[in-house]
Amino acid sequence: MAFARVSNPSLLILPLLLAGCTSNNESYVPENSMKSASAAENSGEAAAPPQPRVPCAVTGTRETAADCAEFARNITSVKAGVDAFQPEQVMVRDQQTTVRYSVSALPDAIQGENGEIATASDSSTNNAEIAREVAETANMVAGQIVPDREAGQVETHVVKLGQRMFACLSGDPSFTIGPAQCQVFNLVETPNPVWIWQVTPTKAGPSFKLYLRSGIALEGSDGSIRRIGRYSTTREIKVTVSAIGRFQDFLGTITAWVQSPTGAIAAVTALLGAIAALVAAYRKLRPATPPKAP
18 MAFARVSNPS LLILPLLLAG CTSNNESYVP ENSMKSASAA ENSGEAAAPP
68 QPRVPCAVTG TRETAADCAE FARNITSVKA GVDAFQPEQV MVRDQQTTVR
118 YSVSALPDAI QGENGEIATA SDSSTNNAEI AREVAETANM VAGQIVPDRE
168 AGQVETHVVK LGQRMFACLS GDPSFTIGPA QCQVFNLVET PNPVWIWQVT
218 PTKAGPSFKL YLRSGIALEG SDGSIRRIGR YSTTREIKVT VSAIGRFQDF
268 LGTITAWVQS PTGAIAAVTA LLGAIAALVA AYRKLRPATP PKAP
């Protein structure tokens with residue numbers, strides 16, 4: 018058999034190359050598509066259904082079973098402690114005053130069950146030692162919010178402390194309080210925390226009120242805080258006015274009176290009367306003109 022001679026050998030190779038390219042293109046999957054498919058599978062695995070919520074006796078709200086169990090565990094580990102809150106009973110209008118609140122746990126030796134103070138029957142210490150430990154802790158806590166010389170005058174209370182504690186300060190509308198939000202401290206990180214607010218009364222009067230709310234803070238798996246075991250304390254504050262404040266009030270009253278229509282007329286009348294009085298006085302004091310000679 019005779020074969021035709023091909024003058025250009027590359028013509029024989031070209032069809033083979035084209036066939037190979039076509040075959041590879043049919044089986045090729047873009048890398049981006051593979052990544053997209055993998056991401057879709059992963060997202061499908063991550064999108065777990067939300068956990069059902071059940072009534073939780075600890076918080077009085079509906080929580081997941083895991084959160085409620087954790088809250089119950091935290092509540093059973095509360096300790097007995099002492100708190101102190103003693104804002105100044107007399108404040109000055111438009112002047113900022115620092116208000117503090119503090120807590121501290123009692124020594125382990127006198128810790129009882131469920132956040133109560135131990136008694137002599139269930140503790141290795143006697144009643145006198147327990148009373149001394151409570152008094153020393155109360156004096157230490159009081160000294161964190163007032164000068165030491167005034168610590169004995171601070172009213173303190175025995176309270177139950179959790180791992181986290183919150184405190185909120187509010188008051189009558191005439192008080193400007195900052196920060197306005199509740200604050201939370203972790204007692205493991207800060208065993209003797211001190212909450213601090215800056216309070217400015219804007220109105221003078223004999224009796225205004227500040228309100229302190231505090232208690233145990235529980236953090237859920239969603240990061241939000243549940244506040245339980247709230248304690249509420251009210252303090253009456255007398256707000257006075259400084260000498261500068263009284264002078265400013267006087268100037269403000271005079272300015273408002275002059276700017277009013279009645280005040281403006283009265284001011285002009287008073288000014289004209291004063292000018293007339295000066296003219297009359299001048300005439301009386303001026304020497305009489307002697308008569309001219311004939």
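Residue numbers (the working numbering): 18 to 311. Ideal Cβ placement from N, Cα and C applies to all residues, glycine included. Computed from a predicted structure; not experimentally measured.
Asked: Contacting residues, own chain, Cβ-Cβ under 7 Å from K255 (five flanking each side not counted); Found: Q106, V107, P223 and S224
Asked: Local Cβ density within 10 Å of L295, reported as buried at 16 or more and exposed below that; Found: exposed
Asked: Cβ-based neighbour list, T76, same chain, cut-off 8 Å, excluding 5 preceding and 5 following; Found: C85, F88, L235, R243 and I245
Asked: Spatial neighbours of V109 in its chain, beta-carbon cut-off 6 Å, leaving aside the 5 residues before and after; Found: T257 and S259
Asked: Exposure of A57, with buried meaning 16 or more beta-carbon neighbours within 10 Å; Found: Interpretation of A57 is limited by its pLDDT of 47, a score under 50 that renders its predicted location unreliable; no figure is taken from the coordinates.
Asked: For R110: DSSP bridge partner residues; Found: Bridge partners of R110: none, in fact.
Asked: Alpha-carbon spacing of A152 relative to G232, whole angstroms; Found: 21 Å
Asked: Simplified DSSP state of A74, which is helix, strand or coil; Found: coil
Asked: N- and C-terminal bounds of the alpha helix (DSSP H) containing T142; Found: It is not in any alpha helix (DSSP H) - T142 carries neither H nor E in the DSSP assignment.
Asked: Beta strand (DSSP E) segment containing T217, residue limits; Found: V211 to P218
Asked: Bounding residues of the beta strand (DSSP E) (the contiguous stretch that carries N203); Found: Q200 to N203
Asked: Sheet register partners of G98 (DSSP bridge); Found: A122 and V176
Asked: Residue of A168, G179 and A297 minimising C-alpha distance to K96; Found: G179
Asked: From A101, R149 and V216, residue whose alpha carbon lies closest to that of L227; Found: V216
Asked: Opposing strand residues paired with V255 [DSSP bridges]; Found: Note that residue 255 corresponds to Lys in the displayed sequence, not to Val. V107, per the DSSP bridge assignment.
Asked: Reduced DSSP secondary structure (H/G/I, E/B, other) of A159; Found: helix
Asked: Buried or exposed by the 16-neighbour rule on C-beta atoms within 10 Å, applied to P208; Found: exposed
Asked: Distance between beta carbons of V175 and V99, contact taken as under 8 Å; Found: 6 Å
Asked: I292, buried or exposed, once every other Cβ within 10 Å from all chains shown has been counted against 16; Found: exposed
Asked: Option in L229, P72 and R166 with minimal Cα separation from R252; Found: L229
Asked: Integer-rounded CB distance, given that V158 should sit under 8 Å from S121; Found: 5 Å
Asked: Cβ shell of K301 (< 7 Å), same chain only, five flanking positions each side left out; Found: none
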